[in-house]
Amino acid sequence: MNADPNLLRTLFDAAPEGVMICDARANDLPVVYANRAMEQFTGYSIADLVGRNPRFLYGSEREQEGLI
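If you use the numbering used here, the sequence shown closes out at 74, no skipped numbers anywhere.
See below:
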């Protein structure tokens, strides 16, 4: 089944939860998409999120329970 990319974008854009998609084929797994809810959740603009590895969101607390 091939999903329509425009439909997926519309669904992700409308989602109340933060959605971030990374490119697993690229070195360092850069973010290629983030929705407005992710922007509000993290405090970073979509432009600041896209192109970066999401590890920067961990901050200095690398031993957080959710990361282990």
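Note that CB positions come from ideal geometry on N, CA and C, so glycine has one too.
- Membership of residue 43 in the alpha helix (DSSP H) is indicated by the continuous run 42-48.
- Fewer than three Cβ pairs drawn from the region 28-36 and the region 10-20 lie within less than 8 Å of each other, which leaves the two stretches out of contact.
- Boundaries of the alpha helix (DSSP H) around residue 18: 11-20.
- Cβ neighbours of residue 23 within its own chain (closer than 7 Å, five residues either side excluded): 43.
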